[in-house]
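A short worksheet on the structure shown next.
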Amino acid sequence: MVSVEGGVLRPSDDVGIAGYGVYIPIYRIKALEIARVWGKFYDHLPVEEKAVAGPDEDAVTIAIEAARYAIRRAGIRPEEIEAVYVGTESKPYAVKPCSTIVAEALGATPNVLAADYEFACKAGTEAFQTSIGLVASNMVRYAMAIGVDTAQSRPADALEYTAAAGGGAFIFTRRNCETIAYIEGSYSFVTDTPDFWRRDGDMYPSHMGRFTGEPAYFRHTTMAAKGLMSELGLRPSDFSYAVFHQPNPKFPLKLAQYLGIPLDKVKPSIVCSSIGNTYSGSSMIGLASVLDIAKPGDRILLVSYGSGAGSDAFSFVVQDAIEEKRNRAPKVSSFIYRKKEIDYSLYAKFRRKIFM
Amino acid sequence: MATSAYWRTRFQRYRLIGNRCKECGKVFFPPRFVCPACGSVKLEEYKLPERGKLVEYTVVYTAPKGYEVMTPYVIGIVELEDGVRVLAQITDVDVEDVKEGMEVEASIRRLPEQLEGGMICYTYKFRPVIK
Ligand SMILES: [Zn+2]
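Respectively, the protein sequence lines represent chains A and B. Residue 333 in my numbering sits at position 333 of the first sequence, with consecutive numbering throughout. If you count the second sequence from 1, you need to add 1000 to reach my numbering.
And the structure:
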């Protein structure tokens, strides 16, 4: 990537998305059920329900499922993938990469770059930028970026209503007639902001409550989105869709208002009410929901957010190949409809909140 | 499971890699060193298809230690698209919903930990096809 003054990252050669895939576990718990257990009021619950990883799932298994669908859409052989990056804050191992397991499971090993990224909920878009850079510089032909989480939350904490499981995988390559969307540029805004963290060895994260809104989420996302638009000479009206990180359904709508983007351009990507906040998976699944319905020529604004804190903004333009490729693997809506409701006791068992 | 045994079998666990006898064409999963049908040692790598249908199953209510979190769970024989049959756990399905003939596809899942602080084992299971 060539970085110019002002901070926009614009690939020197055109880069596109060859394929994408998502995976959302089948289990759901209703926010009402969580509220019932802790004796909370039932109104103003942030989401309807959230996706819960089954007892045999973790960030690695979800990443592999999403990655296999991405390969199916891309129509390539796994050994053609020369880089696999997994962005997550739910690593099954504290030390040992997820990416090696994912790359081996896909069949991309052993001639492959592999590493894990960590930046709260924006680890996946961080992996986007690395992949785009590697492709643009001609160092690799296909690079895969995955954002996935099985988010942790302390029982009875406000996060418990939303902390969910899911992920998405995107394969980048040089723009050609088989890519489904090409990238126009990317812009990042990062500061040291202590809104949310988890210390080494702790099971659950800590957060600053209301502080997570204005100085954290809204400041970083707004600055990244405005920076991108100003550098690329684009206005909010140039975008057909906007995809924002969704910690809850309200934040992305409020952000749209700040940026002057009509709500109906944001709503198609909002899946948080039915699956919860999938952390690093959130921007990926949001972008996939838009690719599931977008038309060639549509311009998509993507803005991630990761606590700690930072935002990555991207502009994509949808290409003709989307029409055929989107049908090669299940869409986000298939995963939303595929669900089994569980109660709090099963949830506690699945998420190992019961110690035996 | 021993770390070394798990590592040696990772390709079959992750990617359903078996082998096929070059002499008589029989397919083996897990892979074999010698063909039990014709005695040939000329075997080549063979990747099994990842889709198939459930032909027979049983429900496990009393599980070995560590598997309590999964009970009740389904173990079944899956006939893959090329006719090869594989025994595996069927996941993401309730005992009351499972049925013979169900279309399934391979998925990689995590096995219960045998040892605190030990390695995490991932292996194939089958789940209903997502349309
Ligand atoms: Zn033989």
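Each residue gets a CB set at the ideal place from its N, CA and C atoms; glycine is no exception. Keep in mind the model is a prediction, meaning the values are calculated, not measured.
**Prompt:** Heavy atom of ligand 1 less than 8 Å from the Cβ of B:Gly-1018, yes or no?
**Reply:** Not so, every heavy atom of ligand 1 lies at least 8 Å from the Cβ.
**Request:** Would you mind sorting A:Met-203 into buried or exposed? The rule is 16 or more other CB atoms within 10 Å of its CB.
**Result:** Answer is exposed; the Cβ neighbour count stays below 16.
**Asked** Quick one: which chain B residues come within Cβ less than 8 Å of A:Lys-370?
**Response** As shown, chain A starts at 1 and ends at 356. That puts residue 370 of chain A outside it, with no answer to give.
**Message:** I want to verify the contact list: residues of chain B whose CB lies under 7 Å from the CB of A:Pro-330, in sequence order.
**Reply:** Within 7 Å Cβ-Cβ: Ile-1130 and Lys-1131.
**Message:** Please tell me whether, using a cut-off of 8 Å, the distance from the CB of A:Cys-121 to the nearest non-hydrogen atom of ligand 1 is below it.
**Reply:** The answer is no for A:Cys-121.
**Asked** Since A:Leu-346 is in the alpha helix (DSSP H), which residue starts that stretch and which ends it?
**Response** First-last of the alpha helix (DSSP H) with A:Leu-346: 344–350.
**CB contact check: A:Lys-254 to chain B, cutoff 9 Å** = Using a Cβ-Cβ cut-off of 9 Å, A:Lys-254 does not count as an interface residue toward chain B, since no Cβ of chain B sits closer than that to its own.
**Message:** Using a Cβ-Cβ distance cut-off of 9 Å, determine whether B:Pro-1112 contacts chain A.
**Reply:** Chain A, which has a Cβ nearer than 9 Å to the Cβ of B:Pro-1112, makes this yes.
**Message:** For A:Pro-268 and A:Ser-289, which I take to be in contact (beta-carbon distance under 8 Å), what is that distance rounded to the nearest angstrom?
**Reply:** With a Cβ gap of about 6 Å, A:Pro-268 and A:Ser-289 count as contacting.
**Message:** Can you confirm whether B:Tyr-1061, when its beta carbon is compared against all beta carbons of chain A, has any partner nearer than 9 Å?
**Reply:** Judged by the 9 Å Cβ criterion, B:Tyr-1061 is not in contact with chain A.
**Asked** Sorted by chain position, which residues of the same chain lie with C-beta nearer than 7 Å to A:Pro-11's C-beta, five sequence neighbours on each side aside?
**Response** Around A:Pro-11: Met-1, Ile-132, Ala-136 and Ile-183.
**Request:** Could you check if A:Asn-176 is buried or exposed, using at least 16 other CB atoms within 10 Å of its CB as the buried criterion?
**Result:** Burial call: exposed.
**Message:** Our contact map puts A:Ala-164 next to A:Asn-277 with C-beta atoms below 8 Å; I'd like the distance itself, whole angstroms only.
**Reply:** With a beta-carbon spacing of about 6 Å, A:Ala-164 and A:Asn-277 fall inside the 8 Å limit used to define contacts.
**Asked** Can you name, in chain order, every residue of its own chain whose Cβ lies under 6 Å from the Cβ of B:Thr-1003, other than the five neighbours on each side?
**Response** Only Met-1119 meet the Cβ criterion.
**Request:** Classify A:Thr-130 as helix, strand or coil using the three-state DSSP reduction.
**Result:** Helix at A:Thr-130.
**Prompt:** Residues of chain A with CB under 9 Å from B:Ser-1004, in chain order?
**Reply:** Residues of chain A passing the Cβ test: none, with the nearest at roughly 16 Å.
**Item:** A:Lys-325 (DSSP reduced to helix, strand or coil)
**Value:** If DSSP states are grouped into helix, strand and coil, A:Lys-325 belongs with the helices.
**Asked** For the candidate residues A:Val-47, A:Phe-170, A:Ile-101 and A:Val-52, whose alpha-carbon lies nearest to that of A:Ile-71?
**Response** A check of alpha carbon separations from A:Ile-71 across A:Val-47, A:Phe-170, A:Ile-101 and A:Val-52 identifies A:Phe-170 as the nearest.
**Request:** Might you give, ordered along the chain, the residues of its own chain that have their beta carbon closer than 7 Å to the beta carbon of B:Arg-1015, omitting 5 neighbours on each side?
**Result:** Within the same chain, B:Arg-1015 has close Cβ partners Lys-1047.
**Message:** Below 8 Å on the Cβ atoms is my contact criterion, and I expect A:Ala-123 with A:Gly-107 to pass it. Report the Cβ-Cβ distance as a whole number of Å.
**Reply:** In fact, because the Cβ distance is near 24 Å, the residues do not count as touching under 8 Å.
**Prompt:** From the beta carbon of A:Thr-88, is the nearest beta carbon of chain B less than 9 Å away?
**Reply:** Under the 9 Å criterion on CB atoms, A:Thr-88 is classed as non-interfacial with respect to chain B.
**Sub-9 Å separation of A:Leu-45 and A:Tyr-161 beta-carbons** = Yes.
**Request:** Using only the heavy atoms of ligand 2, determine whether one of them is closer than 8 Å to the beta carbon of B:Glu-1044.
**Result:** Judged by which ligands are present, ligand 2 is missing from the structure shown, whose ligands are ligand 1.
**Request:** Assign B:Val-1104 to one of three DSSP states: helix, strand, or coil.
**Result:** Here B:Val-1104 carries a strand assignment [DSSP, helix/strand/coil].
**Request:** Would you list, in chain order, the members of the region 25–59 of chain A that have their beta-carbon closer than 9 Å to a beta-carbon of chain B?
**Result:** For the region 25–59 of chain A, the set of positions with a beta-carbon nearer than 9 Å to some beta-carbon of chain B reads Pro-25, Ile-26, Tyr-27, Gly-54, Pro-55, Asp-56, Glu-57 and Asp-58 in chain order.
**Asked** Nearest chain B C-beta to A:Lys-325 closer than 9 Å, yes or no?
**Response** Not closer than 9 Å to any Cβ of chain B, the Cβ of A:Lys-325 fails to qualify, so no.
**Item:** Pairwise C-alpha distance: A:Gly-233 and A:Val-4
**Value:** At A:Val-4 the pLDDT is 45, less than 50, meaning the model places this residue with poor confidence and gives no usable figure here.
**Asked** How would you list, in chain order, the residues of chain A whose beta-carbon sits under 7 Å from the beta-carbon of B:Ser-1107?
**Response** For B:Ser-1107, the neighbours in chain A by C-beta distance under 7 Å run, in chain order, Glu-65.
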